[in-house]
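The structure under discussion appears below in the form of structure tokens.
Right, dumping it as structure tokens:
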């Protein structure tokens, strides 16, 4: 991939961008990137409060109080976007053969590195996308075999035999939480779509949001884990403005390592 990834700081704080406006801009840039009229572009922004539901959202995970939800054509389930959360929408042309899993792992890797720079140790969890802080190990815990992820099936589903770049291995996947530790906390959610070889949607990193927004839904459809933020983990405020340049730098490094895609004909 070209090292010249273009970053657009679309708006944060008092200049936060409504979800619909950002979605329209994504679609416009996507068409231009498909035609090779622009370089790979990453939108970085903050949204006013909004719930969005991916294609796998279950009706029972919607807000119980009838709060409106915007359906979107990304993967994943329901989530919240709003003040205190850094949202990134990479519009990136993937190399052939298209490996969506490898791309998701790159996004995870950039966020894991960024969180580490702030002093928050994060990892991946078997069977779950996104970036996580693990719960505390519980002494004398009894593991529930029904909650253990079968590694062989996971390996096949995650596409590892396709040859993900070993430099992106990052932290090993933590084992699925089968009762051996307290609740894991999700700091960053990832939901992507790839159309005509170009990515849309992306990630949301909780910096210092009002966490009560998550209480109305079942975030990402996960009922046996929690949601966290950089600020809650650090015990001090870390606003979006402080996280943005660090996340941008690590995204630039990780995306620049991708192979060059073929040009459109």
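Numbering (this note's numbering), first residue to last: 147 to 411. A virtual CB, placed ideally from N, CA and C, is assigned to each residue, including glycine. None of these values were measured; they are calculated from a predicted model.
What does the alpha-carbon distance come out to for the pair residue i and residue j?
{"i": "residue 248", "j": "residue 255", "result": "10 Å"}
{"i": "residue 154", "j": "residue 404", "result": "20 Å"}
{"i": "residue 230", "j": "residue 396", "result": "20 Å"}
{"i": "residue 352", "j": "residue 173", "result": "25 Å"}
{"i": "residue 171", "j": "residue 165", "result": "10 Å"}
{"i": "residue 216", "j": "residue 285", "result": "42 Å"}
{"i": "residue 183", "j": "residue 361", "result": "42 Å"}
{"i": "residue 193", "j": "residue 378", "result": "20 Å"}
{"i": "residue 203", "j": "residue 233", "result": "20 Å"}
In three-state terms, what does DSSP make of residue i?
{"i": "residue 426", "result": "Because residue 426 is not part of the residues shown, which for the chain are 147 to 411, the question remains open."}
{"i": "residue 151", "result": "coil"}
{"i": "residue 218", "result": "coil"}
{"i": "residue 349", "result": "strand"}
{"i": "residue 333", "result": "strand"}
{"i": "residue 224", "result": "strand"}
{"i": "residue 249", "result": "helix"}
{"i": "residue 398", "result": "helix"}
{"i": "residue 181", "result": "coil"}
{"i": "residue 268", "result": "coil"}
{"i": "residue 403", "result": "coil"}
{"i": "residue 275", "result": "strand"}
{"i": "residue 339", "result": "strand"}
{"i": "residue 212", "result": "coil"}
{"i": "residue 262", "result": "helix"}
Determine, using beta carbons only, whether residue i and residue j come nearer to each other than 7 Å.
{"i": "residue 258", "j": "residue 271", "result": "no"}
{"i": "residue 200", "j": "residue 374", "result": "no"}
{"i": "residue 227", "j": "residue 350", "result": "yes"}
{"i": "residue 218", "j": "residue 191", "result": "no"}
{"i": "residue 344", "j": "residue 179", "result": "yes"}
{"i": "residue 357", "j": "residue 176", "result": "no"}
{"i": "residue 354", "j": "residue 390", "result": "no"}
{"i": "residue 246", "j": "residue 331", "result": "no"}
{"i": "residue 237", "j": "residue 160", "result": "no"}
{"i": "residue 264", "j": "residue 376", "result": "yes"}
{"i": "residue 224", "j": "residue 207", "result": "yes"}
{"i": "residue 339", "j": "residue 220", "result": "yes"}
For residue i, which beta-bridge partners are listed by DSSP?
{"i": "residue 165", "result": "Note: residue 165 sits in no beta bridge, so no partner."}
{"i": "residue 190", "result": "155 and 234"}
{"i": "residue 199", "result": "217 and 224"}
Below 8 Å CB to CB, which residues in the same chain sit around residue i once its five sequence neighbours on both sides are set aside?
{"i": "residue 214", "result": "197"}
{"i": "residue 169", "result": "218"}
{"i": "residue 380", "result": "264, 265 and 266"}
{"i": "residue 387", "result": "158 and 159"}
{"i": "residue 393", "result": "190, 232, 234, 256, 257, 260 and 351"}
Excluding five sequence neighbours on each side, which residues of the same chain lie with their C-beta closer than 6 Å to the C-beta of residue i?
{"i": "residue 189", "result": "154, 156 and 235"}
{"i": "residue 261", "result": "268"}
{"i": "residue 253", "result": "336 and 349"}
{"i": "residue 372", "result": "329 and 331"}
{"i": "residue 274", "result": "none"}
Counting only the same chain and skipping the five closest in sequence on each side, list residues whose C-beta sits under 7 Å from that of residue i.
{"i": "residue 239", "result": "179, 186, 343, 344 and 407"}
{"i": "residue 359", "result": "195, 226 and 228"}
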